[in-house]
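All letters in the sequence shown, in the order written, are residues 83 to 150 by the working numbering.
For glycine and all other residues, C-beta sits at the position ideal for the given N, C-alpha and C.
Have a look at the structure below before the remarks.
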Amino acid sequence: NQEKLNKTPFEAFGNDSTKWQKIEVLAKNLPEKKQKRILDKNYKDKEQKDFKDRNLNDTRYIARLVLN
83 NQEKLNKTPF EAFGNDSTKW QKIEVLAKNL PEKKQKRILD KNYKDKEQKD
133 FKDRNLNDTR YIARLVLN
């Protein structure tokens, strides 16, 4: 974790193919949900989309609240 800092596993180790292969092998022994999170290469993209979706929903709610 000290080496990974505040990055996803792929962001931290994806450039080093040897380390990434070791992570993939170790992840195979984890539960499926955790395995998917660890091996996810597009986490940041999904996180940004979810953030935008939440903000749009909040904005809709507030707009309705103000109108009523």
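Alpha-carbon to alpha-carbon, residue j and residue i
i: ALA94; j: LEU121; result: 12 Å
i: ARG146; j: ARG136; result: 16 Å
i: VAL107; j: GLN117; result: 10 Å
i: LEU138; j: LEU149; result: 17 Å
i: LYS115; j: ILE144; result: 34 Å
i: LYS142; j: ASN97; result: Strictly speaking, residue 142 in this sequence is Arg, with Lys absent from that position. So the alpha carbons of these two residues sit roughly 41 Å apart.
i: LEU112; j: THR100; result: 20 Å
i: GLN103; j: ASP140; result: 40 Å
i: LYS89; j: LYS123; result: 11 Å
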